[in-house]
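In the working numbering, the protein residues as written are 18 to 107.
Glycine is no exception: its CB is placed at the ideal position from the N, C-alpha and C atoms.
Since the model is a prediction, treat every value here as computed from it, not as a measurement.
Below is one structure; the comments refer to it alone.
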């Protein structure tokens, strides 16, 4: 799920300088910040619901189709914003 959130922000704003800084260590920091942001923003239930929705709809779909599902989901707007904020913290 995290890799699809990363692809969503990279595809929507391809020239983000912070989207891929730091390699694997940067991604670990982003995931850690994202977890805290989701928890304290009371978005944990929405995130779990989004993960379940994608898991049910994704069998047989390619990565591009899954990214579209993430973008179009009704829970995803705030979650994507939190991921983008966490990415800026790299």
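In the three-state reduction of the DSSP assignment, residue 76 falls in the coil class. Put simply, of 58, 45, 83 the residue whose alpha carbon is nearest the alpha carbon of residue 98 is 58. 86 is the residue among 53, 78, 86 whose C-alpha sits nearest the C-alpha of residue 66. Check the Cα spacing between residue 21 and each of 102, 106, 107, 93: the tightest is with 93.
One Cα belongs to residue 60, the other to residue 54, and the distance between them is close to 8 Å.
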